[in-house]
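Structure first, then comments.
Number of protein chains: 2
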Amino acid sequence: MDAAQISQVRRFNRTVTERVGVLHDHYLGRDRPIGEARLLWEIGEQGQDVRRLRERLGLDSGYISRLLRSLETDGLVTVEPQQHDRRVRTVRLTNAGRSERAMLDGRSDELAGSLLEPLNTAQRARLVAAMAEVDRLLTAATVTLDTVDPGHPDAQLCLRFYFSELQARFDTGFDPAQSLLPDASELRPPQGLFLVARMHAEPIGCAGLKLPPDAPAEIKRMWVAPHARGLGLGRRFLAELEARAARHGHDVLRLDTNKALGAAIGLYHSCGFQEVPAFNDEPYAHHWFEKRIAGPPSR
Amino acid sequence: MDAAQISQVRRFNRTVTERVGVLHDHYLGRDRPIGEARLLWEIGEQGQDVRRLRERLGLDSGYISRLLRSLETDGLVTVEPQQHDRRVRTVRLTNAGRSERAMLDGRSDELAGSLLEPLNTAQRARLVAAMAEVDRLLTAATVTLDTVDPGHPDAQLCLRFYFSELQARFDTGFDPAQSLLPDASELRPPQGLFLVARMHAEPIGCAGLKLPPDAPAEIKRMWVAPHARGLGLGRRFLAELEARAARHGHDVLRLDTNKALGAAIGLYHSCGFQEVPAFNDEPYAHHWFEKRIAGPPSR
DNA sequence: TCCATTCTCTGACTTTAGTCAGAGAATGTT
DNA sequence: AACATTCTCTGACTAAAGTCAGAGAATGGA
């Protein structure tokens, strides 16, 4: 990796942990330990199951329990068994807890303000823009692509969003019964595979790949959640699927798409796909693309 | 302050403390407490006085003393009285300490690498550029402008750099004896004032202001250290001097400059200075500027 | 020379942030 | 009904991080 890049990243880390990190603890930990403050924050307005809090904060169950006890004796939260499964307990903010959380919220604003405050208008605008960029890219870097069974709940969730988005965006609406939908078994080894993209363990996108023995590999059902767009995830899916197809001995990758999906069409072009004549009878397709890809590694 | 800006800054803070902060502690605190690791780092290759370490890290003297004792028994540092003042003690790394520090250095590189690693080439370049921008602007926000006596060591240091830079950049070189140099007393109340810009307590720039009773206020000896350029410091000096001049009842601010100082000339133009005929006989000046400024606050 | 100040250190604390091993209740599985 | 599993909690620890009050040595200034 480029040494100049590394050293710039290190300078950034240093500046930011000094300026932001220290202030963060100073502002947030003013009248209660930051552990408690973070927990109070993470509970949120609607309440949370203890189990989820533990996952999110990555803390020991004994430790969390003790923190909750302390918030409870301060009258900031109530802890009650969940209705459906009485082993799980749900934490909710009391009114006092809500106002304490609002105060933390205000502190966070203060902290943000204190970073901007010494700068002039032009500098503020540039700082905020650069922060947005750093934020986006660091977030993008935490996205994982995992191979899952198409029947997995996360896969099913993505597919439901995918279909409802097609329904909303196609001029004609979208009726799965009309479309050439691959059977789930076609996107499951050995006939294919299915990827789910996750950010902080939440599913945020999916893509399927058909790997027929005597025909080109084919991409199906690629979707990225609206709030995760602009992170280069589409491009990453394409690169990953291309590599997987090549590894399975395919040298052509293809896909079809609808004219309403302009951003996707642009993406295919910029990733080296060529438009070709229709290679199937998909009624919802207006464009068909193909790309020659490298064969499997030759050793 | 703009609410959208505040919330972007908050998102940034959150992402960065999660991604960078947590990794930072994880990488650095791998085999010794982060307090010790930070201290080891801060001692540096040349060693440091205990007093400075305390300032830099903002820790209690008892606590630092205990940390040093622990590093000392591990054979990583030696602590000895300073030559000139035997109350002060100086900490130096042993060879073992040096190699431990080098390992921390390697870890910092690893951490930086792990942030870039999941990204493609284009994304890396964008992330690094955005980080550089954030770094620069957050750093700029920590710069203070302090009024000092022109005889103060920090002022003198800046002036030496200033003169040697003029010597290097003017076609003709620069000989102070030829120039209309204000006497130090002219840049000291009540006849004037002298500002030093400091970053982390290090002087990084200066500017003088003459306030003659019956003539326009005049800016002299404005200089910014090369490594601190691009932080908007020149603009900040001008704004500050303008405010000070106005506060002392002046309504015109002027200055002269040499044609070799192109960036400065651009700055004067963009800050509302107008070029005017020569108002003095400064042999090194090619351009003279003037700006009408607001009088003192009228209440 | 005396006295105030500066600097570092030690001893005696506290708080925070955890870890680990089990207990006990509820639930799911056979 | 028996058994394994899941979930939260308590008790008993530990390590890190820090605070506070002075003691003692060195220095600077009157």
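In order, the protein sequence lines correspond to chains A and B. Each number in our numbering comes from the position in the first sequence (counting from 1) with 1078 added on. Each number in our numbering comes from the position in the second sequence (counting from 1) with 1078 added on. Where a beta carbon is used, it is the ideal one built from N, C-alpha and C, also for glycine.
Chain-ordered chain A contacts of residue i [CB-CB under 8 Å]
i                       : result
valine 1187 of chain B  : For clarity, residue 1187 of chain B is aspartate in the given sequence; the question names valine instead. Chain A residues near aspartate 1187 of chain B: Ile1084 and Arg1088.
leucine 1223 of chain B : Under the 8 Å cutoff, chain A gives no residues; its nearest Cβ is about 11 Å from leucine 1223 of chain B.
With 16 other Cβ atoms within 10 Å as the buried cut-off, status of residue i
i                          : result
glutamate 1114 of chain B  : buried
alanine 1372 of chain A    : exposed
tyrosine 1346 of chain A   : buried
arginine 1147 of chain B   : exposed
asparagine 1198 of chain B : exposed
arginine 1377 of chain A   : Confidence at arginine 1377 of chain A is low in this model, with a pLDDT of 46, below 50, so the placement of that residue is unreliable and no value is reported for it.
proline 1291 of chain A    : exposed
histidine 1067 of chain B  : Residue coverage of chain B in this structure runs from 1079 to 1377, which leaves residue 1067 of chain B outside it and unanswerable.
histidine 1364 of chain B  : exposed
arginine 1144 of chain A   : exposed
glycine 1350 of chain B    : exposed
leucine 1228 of chain B    : Per the sequence presented here, residue 1228 of chain B reads as proline, with leucine not at that position. With 16 or more other Cβ atoms within 10 Å, it is buried.
glycine 1283 of chain A    : buried
glycine 1140 of chain B    : exposed
glycine 1312 of chain A    : buried
arginine 1307 of chain B   : exposed
asparagine 1358 of chain A : exposed
histidine 1305 of chain A  : exposed
histidine 1278 of chain A  : exposed
glycine 1310 of chain A    : buried
serine 1348 of chain B     : exposed
Proximal residues of chain A, C-beta to C-beta of residue i below 7 Å
i                         : result
glutamate 1211 of chain B : Arg1204 and Ala1208
glutamine 1245 of chain B : Residues of chain A passing the Cβ test: none, with the nearest at roughly 31 Å.
leucine 1182 of chain B   : Those within 7 Å of leucine 1182 of chain B in chain A number zero; the least Cβ separation is about 12 Å.
leucine 1311 of chain B   : Within chain A, no residue comes near leucine 1311 of chain B; the closest Cβ sits about 11 Å away, beyond 7 Å.
leucine 1319 of chain B   : Here the premise fails: no neighbours, minimum Cβ distance about 16 Å.
leucine 1237 of chain B   : Those within 7 Å of leucine 1237 of chain B in chain A number zero; the least Cβ separation is about 26 Å.
Cross-chain neighbours of residue i in chain B, by beta carbon under 7 Å
i                       : result
proline 1196 of chain A : Ala1219
Chain A residues whose Cβ lies nearer than 9 Å to that of residue i
i                       : result
alanine 1356 of chain B : By Cβ distance, chain A contributes nothing, its closest Cβ being about 32 Å from alanine 1356 of chain B, past 9 Å.
alanine 1190 of chain B : Met1079, Gln1083, Ile1084, Ser1085, Gln1086, Val1087, Arg1088, Phe1090 and Asn1091
Cβ neighbours of residue i in the same chain (closer than 6 Å, five flanking residues each side left out)
i                          : result
aspartate 1232 of chain A  : Val1274 and Pro1281
glutamate 1318 of chain B  : Leu1223
alanine 1356 of chain B    : Trp1366
alanine 1082 of chain A    : none
isoleucine 1112 of chain B : Asp1103 and Leu1106
Close Cβ partners of residue i (< 7 Å) along its chain, the five nearest in sequence each way excluded
i                         : result
valine 1226 of chain A    : Asp1232, Ala1233, Phe1272 and Val1274
valine 1354 of chain B    : Trp1366, Phe1367 and Glu1368
leucine 1189 of chain B   : Leu1101, His1102 and Tyr1105
threonine 1172 of chain A : Gly1153, Leu1154, Val1155 and Thr1156
arginine 1202 of chain A  : Leu1194
leucine 1215 of chain B   : none
arginine 1299 of chain B  : Leu1237, Tyr1240, Cys1284, Ala1285 and Gly1286
Anticipated Cβ contact below 8 Å, residue i with residue j, distance rounded
i                         : j                             : result
arginine 1170 of chain A  : proline 1159 of chain A       : Going by Cβ atoms, the distance from arginine 1170 of chain A to proline 1159 of chain A rounds to 12 Å, so no, they are not a contact pair.
proline 1254 of chain A   : phenylalanine 1241 of chain A : 6 Å
leucine 1331 of chain A   : glutamate 1320 of chain A     : 6 Å
leucine 1149 of chain B   : leucine 1118 of chain B       : 7 Å
aspartate 1213 of chain A : isoleucine 1084 of chain B    : The Cβ separation is near 14 Å, so there is no contact.
glutamate 1211 of chain B : alanine 1208 of chain A       : 4 Å
valine 1206 of chain A    : glutamine 1086 of chain B     : 5 Å
valine 1094 of chain A    : valine 1094 of chain B        : 6 Å
Own chain, CB closer than 8 Å to residue i, minus 5 neighbours either side, in chain order
i                          : result
leucine 1339 of chain B    : Arg1247
glutamine 1352 of chain B  : Phe1367, Glu1368 and Lys1369
glycine 1125 of chain B    : Thr1168, Val1169, Arg1170 and Leu1171
arginine 1185 of chain A   : Tyr1105, Leu1106 and Arg1108
isoleucine 1121 of chain A : Leu1131, Val1155, Val1169, Arg1170, Leu1171, Gly1175 and Arg1179
arginine 1129 of chain A   : Val1166
Residues that residue i contacts on chain B, provided the C-beta gap is smaller than 8 Å
i                       : result
leucine 1316 of chain A : Those within 8 Å of leucine 1316 of chain A in chain B number zero; the least Cβ separation is about 12 Å.
leucine 1215 of chain A : Leu1197, Gln1201, Arg1204, Leu1205 and Ala1208
Contacts of residue i in chain B (Cβ-Cβ under 9 Å)
i                       : result
leucine 1271 of chain A : Ordered by position in chain B, no residue passes the 9 Å Cβ test against leucine 1271 of chain A, which lies about 21 Å from the chain.
leucine 1118 of chain A : None at all; the shortest Cβ gap to chain B is about 15 Å.
For this session: Mind checking the region 1089–1111 of chain A against chain B and listing, in chain order, the residues whose C-beta falls within less than 7 Å of any C-beta there?
Result: Arg1089, Phe1090, Asn1091, Thr1093, Val1094, Thr1095, Arg1097, Val1098, Gly1099 and His1102
Problem set entry | Residues, ordered as in the chain, of the region 1126–1160 of chain B that lie near chain A by beta-carbon distance below 8 Å | none
For this session: Could you name the residues of the region 1282–1309 of chain B whose beta carbon sits closer than 7 Å to any beta carbon of chain A, in the order they occur along the chain?
Result: none
Exercise. In chain order, what residues of the region 1336–1348 of chain A put their CB closer than 8 Å to some CB of chain B?
Worked result: none
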